[in-house]
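J.: Questions regarding the structure given below will be posed in turn.
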Amino acid sequence: MDRIVYLDNNATTQMASEVAQIMRDNESLYGNASSMHSCGRDAASAIEWAREEVAALIDGDKSCVYFTSGASESNNTIFSTFRDLIDDGSKRNRIITTTIEHPSIIEEVKYLKKKGYKIDEAPVDVYGKVKLDVLKSMLGDDVALVSVMWGNNETGTIQDIKEIGRLAHECGAYFHSDATQAIGKIKVSIRDCNVDYLSLSGHKFYGPKGIGVLYVAKNAPITPFVHGGHQEKGYRAGTYNTLNIIGLGEAAKLAREGLQEEHDKLLALRERLRKGIEERIDHVVINGHPTDFLPGTLNVSFPNAEGESILLYLDMEGIEVSTGSACATGSLEPSYVLLASGLDVELAHGSIRFSLGRYNTVEDVDYTLEKLPSIIEKVRRMSTRKEFK
Ligand SMILES: *Cc1c(COP(=O)(O)O)cnc(C)c1O
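Following the UniProt record's numbering from start to finish, the sequence shown increments by one per residue and tops out at 389.
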């Protein structure tokens, strides 16, 4: 293959060279950060530096930053905390979330519902925005937790987080947001969003995989999520993954320093791709919100074309994208996020997510625009449906 164009940055990102470098430079920090000798203390102080960098990225307080193995763990932890509170007899025994969360919440919710916990999902509109009036009607003094993601990984739609947080607090509930996709793309400020808990993940913003954060505001409840040692004030046991934490700290620093530039660059590439597709290909549908979207995400439906076929033909040209399908199960179910937004099943089947990142170029976009039209034509020719709805 002469060319690889990686347009799947919402699935994971390439580690920044600065991140890889700082991890190599700190290889000598093999000490257990909990040890009292200097080798341990050096590791501990590097971890505290990273904690400060993460806090600075989100305008948060460093004492509220808990390191986890990633956003899946952070998300699960919030729900298990509230399960514990409900088990302990809390009068507030209901949780509100949405139909478009990441699987690490969707599946956790399914599991808890099976166990008998009361959890309701707020619906979204055609743009994937949570319907605030419906959400409002679901809230009450029995609600313990509201959990709504910041920006969606498939459509890129950004929620009205500050307002949702205000509504949650108005009824006395705590508010959690999975900000994994928003971090490094748009400003995420703890000071300005009415959020009590926030999840984020290193590998979605050019940091290492297997490391993330759960942010827990000062007065918000949390129960220990890994029992054992005294790490993370006794809440999350396990010897510190020092190098990954340092890498995450560097990724946070880069994201903070380059935020505006990165935002503008991703937005320009995304718009170039969107306009190019609309000019070159008939009958396309752009999914997600027309203005409130993550700058690098472009989700497009190509009617009368199978998403997986498009993906495979693009891959043969070195262009790497994603569909929202659960193809890992072999069932080729269309994206639940698009279906939840009311998209027609066939349109959902023909949808492709292009997610641009820091290392993409104008040439990447133009190469994609050169290859895509003939692929769509070919896949549409293979389709049994010929009429456009
Ligand atoms: C990737 C992702 C996660 C999971 O993060 P991991 O660190 O891989 O567990 C959670 N939420 C969203 C929105 C994501 O995009």
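Ideal Cβ positions, reconstructed from N, Cα and C, are used throughout, including at glycine.
Here the structure is a predicted model, which is why all the values come from computation and not from measurement.
Closer than 8 Å is the cut-off here; do at least three beta carbon pairs connect the stretch 44-63 with the stretch 240-259?
T.: Yes: the two stretches touch, three or more of their Cβ pairs being nearer than 8 Å.
J.: Looking at ligand 1, does it come within less than 7 Å of M149, judged from the CB to the closest heavy atom?
T.: The residue you call residue 149 lines up with position 149 of the sequence shown. Flag set: Cβ of M149 near ligand 1.
J.: Check each candidate in S147, L259 and N10 and name the one with the smallest Cα separation from R94.
T.: By one-based count along the sequence shown, residue 94 stands at place 94. Closest option to R94, Cα to Cα, is S147.
J.: Would you list the residues sitting across from G151 in a DSSP beta bridge?
T.: Taking the sequence shown and counting its residues from 1, one reaches residue 151 at position 151. DSSP output for G151 lists I158 as bridge partner(s).
J.: Under the rule that 16 or more other beta-carbon atoms within 10 Å means buried, what is P334, buried or exposed?
T.: Locating residue 334 in the sequence shown gives position 334, where the first residue counts as 1. P334 comes out buried.
J.: Using 10 angstroms around the beta-carbon of F388, count the other beta-carbons present and answer buried if the total reaches 16, otherwise exposed.
T.: As a first step, residue 388 must be located in the sequence shown, where it is residue number 388. With fewer than 16 other Cβ atoms within 10 Å, it is exposed.
J.: Please determine, among D125, V126, Y127 and V109, the residue with the shortest C-alpha to C-alpha distance to I119.
T.: Taking the first residue of the sequence shown as position 1, residue 119 is located at position 119. The candidate whose alpha carbon is nearest that of I119 is V109.
J.: Between S104 and ligand 1, is the CB less than 7 Å from at least one heavy atom?
T.: Residue mapping note: residue 104 aligns to position 104 of the sequence shown, counting from 1. Result yes, Cβ under 7 Å from ligand 1.
J.: Do you know whose CA, among I310, E279, E306 and L259, lies nearest G296's CA?
T.: What you label residue 296 is simply residue 296 of the sequence shown in a count that begins at 1. With distances taken between CA atoms, G296 lies nearest to L259 out of I310, E279, E306 and L259.
J.: Name the residue from N304, S374, L294 and S45 whose alpha carbon lies nearest to the alpha carbon of H283.
T.: Taking the first residue of the sequence shown as 1, we reach residue 283 at position 283. Comparing Cα-Cα distances from H283 to each of N304, S374, L294 and S45, the minimum goes to N304.
J.: Excluding sequence positions up to five away, which residues of its chain have a Cβ less than 6 Å from the Cβ of I190?
T.: Position 190 of the sequence shown, counted from the start, is the residue given in the question as residue 190. Answer for I190: I58, D59 and G60, listed in chain order.
J.: Which whole-angstrom value is the C-beta distance of V124 and T97, which I expect to be below 8 Å?
T.: Sequence index remark: in the sequence shown, residue 124 carries index 124 (1-based). Sequence index remark: in the sequence shown, residue 97 carries index 97 (1-based). Actually they are not in contact, since the Cβ atoms of V124 and T97 sit about 12 Å apart, beyond 8 Å.
J.: Inspect the beta-carbon positions of N194 and G165 and report whether they are closer than 8 Å.
T.: As a working note, residue 194 is residue 194 in the sequence shown. As a working note, residue 165 is residue 165 in the sequence shown. Between N194 and G165, the C-beta spacing is below 8 Å.
J.: Whole angstroms are fine: how far does the CA of R272 sit from the CA of H289?
T.: The residue you call residue 289 lines up with position 289 of the sequence shown. The residue you call residue 272 lines up with position 272 of the sequence shown. Between H289 and R272, the C-alpha separation is close to 17 Å.
J.: What does DSSP give as the partner residue(s) for L200 in the beta ladder?
T.: Here residue 200 corresponds to residue number 200 of the sequence shown, with the count starting at 1. Paired residues: V213.
J.: Quick one: give me the first and last residue of the alpha helix (DSSP H) that K185 is part of.
T.: Start at 1 with the first residue of the sequence shown, and residue 185 comes out as number 185. Element bounds for K185: n/a, residue is neither H nor E.
J.: With a threshold of 7 Å on Cβ separation, who are the neighbours of D42 within its own chain once the five nearest residues in sequence on each side are excluded?
T.: For the purposes of this step, residue 42 is identified with residue 42 of the sequence shown, where counting begins at 1. If we look at D42 and ignore the five residues flanking it on each side, its Cβ neighbours are L29 and G31.
J.: Quick one, are the C-beta atoms of I286 and S69 less than 8 Å apart?
T.: Walking along the sequence shown from the start, residue 286 turns up at place 286. Walking along the sequence shown from the start, residue 69 turns up at place 69. At the C-beta level, I286 and S69 stay beyond 8 Å of one another.
J.: Report the CB separation of N299 from G156 in whole angstroms; it is logged as a contact under 8 Å.
T.: Against the sequence shown, residue 299 aligns to sequence position 299. Against the sequence shown, residue 156 aligns to sequence position 156. Contact between N299 and G156 is confirmed by a C-beta separation of about 7 Å, below the 8 Å threshold.
J.: Which full runs of the alpha helix (DSSP H) of 4+ residues lie inside the stretch 23-68, going along the chain?
T.: If one requires a minimum length of 4 residues, the alpha helix (DSSP H) runs lying completely within the stretch 23-68 are 38-57, in chain order.
J.: Which ranges does the beta strand (DSSP E) cover as unbroken runs of at least 3 residues, wholly within the stretch 72-143, from first to last along the chain?
T.: 94-98 and 118-122
J.: At the level of alpha carbons, what is the spacing between G357 and S90?
T.: For the purposes of this step, residue 357 is taken as residue 357 along the sequence shown, with counting starting at 1. For the purposes of this step, residue 90 is taken as residue 90 along the sequence shown, with counting starting at 1. Distance between the alpha carbons of G357 and S90: 43 Å.
J.: Hey, would you say I47 sits closer than 8 Å to Y215, going by beta carbons?
T.: Residue 47 sits at position 47 when you count from the first residue of the sequence shown. Residue 215 sits at position 215 when you count from the first residue of the sequence shown. Contact: no.
J.: Consider the C-beta atom of H176 and the heavy atoms of ligand 1; say whether any pair is separated by less than 7 Å.
T.: Position 176 of the sequence shown, counting from 1, holds the residue named residue 176. H176: no, Cβ never under 7 Å from ligand 1.
J.: When you compare each of D142, K265, R256 and A71 to E170 by their alpha carbons, which one comes out closest?
T.: On the sequence shown, residue 170 is found 170 positions in, with the first residue counted as 1. By alpha-carbon distance to E170, the top candidate from D142, K265, R256 and A71 is D142.
J.: Does DSSP classify N244 as helix, strand or coil?
T.: Taking the sequence shown and counting its residues from 1, the one referred to as residue 244 is at position 244. In this structure, DSSP gives N244 a helical state, which the three-state scheme calls helix.
J.: Assuming I347 is part of the alpha helix (DSSP H), what are its boundary residues?
T.: Position 347 of the sequence shown, counted from the first residue, corresponds to residue 347. This sequence places Leu at residue 347; Ile is not what is there. Counting along the chain, the alpha helix (DSSP H) containing L347 begins and ends at V345 to H349.
J.: DSSP puts D178 in a beta bridge; with which residues?
T.: Taking the sequence shown and counting its residues from 1, one reaches residue 178 at position 178. DSSP output for D178 lists S199 as bridge partner(s).
J.: Apply the 10 Å Cβ neighbour rule to V126 and answer buried if 16 or more other Cβ atoms are within range, or exposed otherwise.
T.: Looking up residue 126 in the sequence shown gives position 126. It counts as exposed.
J.: Should G318 and V5 be called a contact, given that it needs their Cβ atoms to be closer than 8 Å?
T.: Residue 318 sits at position 318 when you count from the first residue of the sequence shown. Residue 5 sits at position 5 when you count from the first residue of the sequence shown. Taking 8 Å as the Cβ cut-off, G318 and V5 qualify as a contacting pair.
J.: Please state if the CB of E279 and the CB of H349 are separated by a distance shorter than 8 Å.
T.: The sequence position of residue 349 within the sequence shown is 349, counting from 1. The sequence position of residue 279 within the sequence shown is 279, counting from 1. No.
J.: Looking at L139 and Y174, is the spacing between their C-beta atoms short of 8 Å?
T.: The residue given as residue 174 occupies position 174 in the sequence shown. The residue given as residue 139 occupies position 139 in the sequence shown. Cβ atoms of Y174 and L139: not closer than 8 Å.
J.: In chain order, what residues of the same chain have a beta carbon less than 7 Å from the beta carbon of S245, not counting five sequence neighbours either side?
T.: Reading the sequence shown from its first residue, position 245 is the one you call residue 245. Reading off the sequence shown, one finds Ile at residue 245, where the question assumed Ser. So the qualifying residues of the chain are I47, A50, F67 and I211.
J.: Where do the ends of the alpha helix (DSSP H) carrying S301 lie?
T.: Against the sequence shown, residue 301 aligns to sequence position 301. Segment T297 to S301 is the beta strand (DSSP E) holding S301; no alpha helix (DSSP H) there.
J.: Enumerated in chain order, which unbroken segments of the alpha helix (DSSP H) with a length of 4 residues or greater are wholly contained in the stretch 229-278?
T.: none
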